[in-house]
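Asker: Per the working numbering, residue 3 is the first one in the sequence shown, and the count goes up by one each step. C-beta: ideal position from N, C-alpha, C; glycine also.
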Amino acid sequence: MEPLERGTPIPDPLTPYLEVNRSQPRHECWVTGHMVAGLDGTAAIHGRVGALSTEPDQDLFRRMRQIADVVMVGAQTIRNEGYAPMHLDESAREQRRMRGQSEMPPVAIVSRSLDLDWSSQVFTGAPEHARTIVITCAKADPQRLADAEKVATIIIAGVDRVEPAEALQALAGLGYRVVLCEGGPRWLGELVAADRLDELCLSISPMMGGDPLPVSIAPPGAGIAQFSLKSTMVADDTLFLRYEAKPPDGNGS
Ligand SMILES: NC(=O)c1ccc[n+]([C@@H]2O[C@H](COP(=O)([O-])OP(=O)(O)OC[C@H]3O[C@@H](n4cnc5c(N)ncnc54)[C@H](OP(=O)(O)O)[C@@H]3O)[C@@H](O)[C@H]2O)c1
Numbered sequence: 003m004e005p006l007e008r009g010t011p012i013p014d015p016l017t018p019y020l021e022v023n024r025s026q027p028r029h030e031c032w033v034t035g036h037m038v039a040g041l042d043g044t045a046a047i048h049g050r051v052g053a054l055s056t057e058p059d060q061d062l063f064r065r066m067r068q069i070a071d072v073v074m075v076g077a078q079t080i081r082n083e084g085y086a087p088m089h090l091d092e093s094a095r096e097q098r099r100m101r102g103q104s105e106m107p108p109v110a111i112v113s114r115s116l117d118l119d120w121s122s123q124v125f126t127g128a129p130e131h132a133r134t135i136v137i138t139c140a141k142a143d144p145q146r147l148a149d150a151e152k153v154a155t156i157i158i159a160g161v162d163r164v165e166p167a168e169a170l171q172a173l174a175g176l177g178y179r180v181v182l183c184e185g186g187p188r189w190l191g192e193l194v195a196a197d198r199l200d201e202l203c204l205s206i207s208p209m210m211g212g213d214p215l216p217v218s219i220a221p222p223g224a225g226i227a228q229f230s231l232k233s234t235m236v237a238d239d240t241l242f243l244r245y246e247a248k249p250p251d252g253n254g255s
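(1) Any heavy atom of ligand 1 closer than 6 angstroms to the CB of residue 49?
(2) Within 10 angstroms of its Cβ, does residue 118 collect 16 or more other Cβ (buried), or is it exposed?
(3) Please classify residue 121 as buried or exposed, where buried requires at least 16 neighbouring CB atoms within 10 angstroms.
(4) Any heavy atom of ligand 1 closer than 6 angstroms to the beta-carbon of residue 88?
(5) Mapping DSSP to helix, strand and coil, what is residue 252?
(6) For a test of your reading of the model: does the CB of residue 34 fall under 6 angstroms from any non-hydrogen atom of ligand 1? Yes or no.
(7) Tell me which residues share the same chain as residue 133 and place their Cβ nearer than 7 angstroms to its Cβ, disregarding the 5 neighbours each side in the sequence.
(8) Is residue 8 close to chain D, meaning its C-beta is less than 7 angstroms from at least one C-beta of that chain?
(9) Could you tell me if the beta carbon of residue 45 falls within a distance shorter than 6 angstroms of some heavy atom in ligand 1?
(10) With a threshold of 6 angstroms on Cβ separation, who are the neighbours of residue 53 within its own chain once the five nearest residues in sequence on each side are excluded?
(11) Classify residue 101 as buried or exposed, calling it buried when 16 or more other Cβ atoms lie within 10 Å of its own Cβ.
(12) If we ignore side chains and look at the alpha-carbon of each, how far apart do residue 249 and residue 145 end up?
(13) Flag this pair as touching only if the region 237-245 and the region 200-211 have three or more C-beta atom pairs under 8 angstroms; answer yes or no.
(14) Report the residue ranges of all beta strand (DSSP E) runs contained in full by the region 90-117; include only those spanning at least 3 residues, in chain order.
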């Protein structure tokens with residue numbers, strides 16, 4: 003065991019996250035999960051994440067969107083949190099242009115039910131070049147699908163449910179190769195179970211007592227996924243941990 007000691011402050015906490023090489027994914031896309039948990043592992047307080055996220059975490063969370071070709075979110079998070087299209091400041095947009103990325107990543111929402119408010123900001127406020135994407139399955143309700151098509155780009159990835167691998171293949175086919183998944187726990191658990199989570203940026207917030215909702219919920223039959231700790235940062239009382247998936251031979255460091 004070794005202590006993780008506080009060191010010299012880094013000028014910009016985003017820098018180590020921007021420097022990660024995400025160009026060699028294990029599968030079709032590089033998938034980064036970005037989540038915050040309380041000390042007891044809770045992923046929400048009264049159904050929302052806001053109160054759980056400290057100021058440095060909120061700042062990093064917003065700015066991390068800069069790495070993404072697309073920001074992927076489960077439908078329940080959209081319903082609870084009321085998402086809007088991504089907004090990046092001019093310097094972030096400039097850095098994206100220099101990396102050959104589009105100015106703004108679109109939001110991609112995963113839903114079987116398509117029980118979504120098509121008049122909400124996340125659909126109506128998205129610019130044409132970053133139109134919101136809805137990822138659903140072939141057995142989705144045809145009327146809701148027709149409504150969705152009016153305001154979003156549709157990806158069908160699976161028959162009864164969205165299959166993570168099919169969803170990511172479709173995103174890669176559209177040129178989205180770095181996927182930032184902002185949860186929620188159910189969709190993140192699906193990605194983990196399908197061995198599609200390459201990286202997890204997990205903030206540990208100095209709070210306890212939130213909802214009985216872990217950061218990732220494994221679907222039935224899912225195996226155990228192993229990760230290697232790649233970096234740590236601390237701001238006040240919030241820990242920022244970055245993990246990468248361990249290759250199957252266990253040689254992840
Ligand atoms: N701590 C954090 O960092 C963090 C991050 C995000 C969210 N949250 C919190 O997490 C809570 C919501 O999380 P959650 O786990 O309930 O929801 P979620 O993962 O955001 O969304 C679950 C929904 O996604 C769709 N979905 C998931 N897997 C699917 C599959 N294989 N095929 C088709 N659709 C699929 C379904 O949508 P339909 O029901 O539409 O079919 C499902 O109900 C909220 O309280 C939110 O505040 C916390």
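Answerer: Looking at the atomic coordinates:
(1) yes
(2) Flag for residue 118 reads buried.
(3) Residue 121 is exposed by the Cβ-count criterion.
(4) no
(5) Because residue 252 sits at a pLDDT of 48, beneath the cut-off of 50, its placement in the model cannot be relied upon, and the point is left open.
(6) no
(7) 108, 154 and 155
(8) The structure shown contains no chain D; it holds only a single protein chain.
(9) yes
(10) 47
(11) With fewer than 16 Cβ atoms within 10 Å of its Cβ, residue 101 is classed as exposed.
(12) Roughly 43 angstroms between the two C-alpha positions.
(13) yes
(14) 109-112, all fully within the region 90-117.
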